[in-house]
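Worksheet for the structure shown next.
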Amino acid sequence: MQQFVHLHVHSQYSLLDGQASVTGLVDKAMDLGMPGFALTDHGNMFGIKEYFNYVNKVKGKYKGKLADLKKRIEEAPEGEADKLRAELAPEMEKIERKLAFKPIFGCEMYVAKGSLTDRSDKTDKGRHLVVIAKNLKGYKNLIKIVSQAHTHGFYHHPRTDKEALAAHREGLIVCSACLGGEIPRLIAEGNTAEAEKQVVWFKETFGDDYYIELQRHKTDRPGANRETYVEQEKVNPVLIELARKHGIKIIATNDSHFINAEDAEAHDRLICISTNNYVADPERMRYTKQEWFKSQDEMAAVFPDLPEALENTLEILDKIEVYSIDHAPIMPFFEIPADFGTEEEYRTRITEQQLFDEFTQDENGNVVLSPEAAQKKIEKLGGYDKLYRIKFEADYLSKLAYEGAERRYGSPLTPELEERIRFELYIMKTMGFPGYFLIVQDFINVARKELGVSVGPGRGSAAGSVVAYCLGITQVDPIKYDLLFERFLNPDRISLPDIDV
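Under our numbering, the first residue of the sequence shown is numbered 707, with each subsequent residue one higher.
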């Protein structure tokens, strides 16, 4: 079987354009025995975290399966272990291939003709360019480029420009993209000289990390676009000629937009929704219906004369480093009034040991974690330097919460209320969220009291918090209605209150 990995793949995060789910793409790639694929949605990286998380989830499942199989072999009766090992070898090999799967993070970007901030040309919706991160540095650079495209370059689409690409080129792999790319467009227009000039620019800027991309979408399916293949056959020979002239490697891609061949009709309807056209409209936009996530053999059948175009996709895969995109939560910074104190004063007054005890013991001062688990918790929160800030914010949050409790419940508070508030504040502090609550209470209270904005009573896990009620974030008394705070303990379920304007 010809080895190959997809490097031009759109998911449902290519909004109203891609029809494939991220999980479905991963499942099919692994079932096909592919060692990875690049997720390259149009103009955004919305699907990257889901891709990363799902791959890790699937790998975790298969790690357990592999461990079970190895345990069976170890526990087999004497003389039968070799036979069992031989029987299980194909299944173990398949699992090991899945465990070696490498997710590739990328984006099919829109590159402006000139500056990304120039909006004088109404036709400049950007030329396509596939950009892939090969390491953590490249991933961060890719995020910078995509973010800038949305915040400063948005015009029809989030656009970047060559200046931004060059400034953040470290760790990036660039591919010339489909017929919507700059080089194929210039060739199609008959401007080969300018196409070559731009090829040279990309080669000089990205070196051996620049690749010329080839696609072949020959189709005989009813209702499919047949002009695309004609255009590809016109452009591809020139792309190959330029690549060989300038020592640039070629790669084969399929511009995948859906998972299986039979999904073409559903994708066709999606495009009708996207372009606001009827299915029966003869003039509407149509795809070739060849844009499914093809197998290695299917891609080999498309490029039988260019095996190197398939092999070079593996070269790109080999360049990709394995790295994590997880990081500690980035909490907002709330400006605490000076008359309450300063973070610097906290640093001079409180020792690291005191912080260690406060963040690893329970709200009543009981030791509940082993030294190893306690140290991991400190590290997860960002280390002692971050703990000083969290402690400072937590103390101010506590002040506001108890002031609010007196307004809501009167004084003195009952022992039950005292215990509940102390527990909630402890959880918020040791999860690193006091800054989050300070920010939310601030804009909720300003909206309600100063701006006249109609604000909802609150929803989700926040509505079960007495502290949120005391701060004015929510208007539902969790004590009166016996609402549980425990649901908040899963940070993935934290939700902002409703703000109904």
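Where is the CB? At the ideal position from N, CA and C, for every residue including glycine. This structure is a prediction, so every number in the text was calculated from the model and none was measured.
Item	Value
Determine the direct distance from the alpha carbon of PHE908 to that of ASN960, and round the result to whole angstroms.	22 Å
Assuming PRO864 and GLY953 are in contact, meaning their beta carbons sit under 8 Å apart, how far apart are those beta carbons, in whole angstroms?	Contact doesn't hold; Cβ gap of about 32 Å is too wide.
Taking the DSSP output, what are the residues bridged to VAL1073?	GLN1067
Short check: CB of CYS1176 to CB of LEU1075, under 9 Å?	no
Starting from the C-beta of ARG791, find all residues in its chain whose C-beta is less than 6 Å away, skip the five residues before and the five after it, and write them out in chain order.	ILE779
Have a look at GLU786, THR1120, LYS840 and flag the residue whose alpha-carbon is nearest the alpha-carbon of PRO809.	LYS840
Taking only three categories from DSSP, how would you classify LEU722?	coil
DSSP three-state label for PRO783, please.	coil
Does DSSP put CYS884 in a helix, a strand or coil?	coil
I want to know whether the region 1158-1166 touches the region 1048-1059 - three or more CB-CB distances under 8 Å.	no
I'd like the list of long-range same chain contacts for LYS1083, defined as Cβ closer than 8 Å, with 5 residues on each side in sequence excluded.	PHE1065, THR1066, LEU1075, THR1136
On the DSSP letters alone, give me the boundaries of the alpha helix (DSSP H) that ARG1113 sits inside.	1089-1115
State yes or no: is the C-beta of TYR757 within less than 9 Å of the C-beta of LEU745?	yes
Have a look at the DSSP bridge pairing and note the partners of SER962.	VAL715
Take the Cβ of SER826 as the centre, count every other Cβ of all protein chains shown within 10 Å, and call the residue buried at 16 or more, exposed below.	exposed
Would you mind reading off the limits of the alpha helix (DSSP H) that contains PHE811?	That residue, PHE811, is in no alpha helix (DSSP H); its beta strand (DSSP E) goes 808-817.
Look at the alpha carbon of ILE1179 and the alpha carbon of HIS862, and state the distance between them as a whole number of angstroms.	37 Å
Which one or two residues does DSSP pair with THR857 in a beta bridge?	Paired residues: none, contrary to the question.
By DSSP, does ARG791 sit in helix, in strand, or in coil?	helix
Can you tell which of GLY929, PRO1010, LYS1000 has the C-alpha that lies nearest to the C-alpha of GLU989?	GLY929
Can you give the Cα-Cα distance for THR925 and LYS755, rounded to whole angstroms?	34 Å
Once DSSP output is grouped into helix, strand and coil, what is the label at LEU1190?	coil
Can you check DSSP and say which residues form a bridge with HIS748?	GLU814
Touching or not, the region 876-894 and the region 942-951, by the rule of three or more beta carbon pairs under 8 Å?	yes
CA-CA distance, LYS819 and MET798?	51 Å
According to DSSP, what are the bridge partners of ILE956?	ILE918
So which of ARG975, ILE965, ALA970, ASN1018 has the shortest CA-CA distance to SER1001?	ILE965
Determine, using beta carbons only, whether PHE743 and TYR719 come nearer to each other than 9 Å.	no
Please determine if the region 1019-1036 and the region 726-739 are in contact, where contact requires at least 3 C-beta pairs separated by less than 8 Å.	no
Is DSSP giving PHE1039 helix, strand or coil here?	coil
Just how far apart, CA to CA, sit PRO783 and GLN996?	52 Å
Thinking just about the alpha-carbon of each residue, which of ALA1015, CYS813, ASP788 is nearest to the one in LYS850?	CYS813
Mapping the DSSP letters down to three states, classify ARG833 as helix, strand or coil.	strand
Grab the span of the alpha helix (DSSP H) containing ASP733 for me, first residue to last.	728-737
Can the beta-carbon of ASN897 be found less than 9 Å from the beta-carbon of ARG875?	no
Can you tell me whether ILE1031 is helix, strand or coil according to DSSP?	coil
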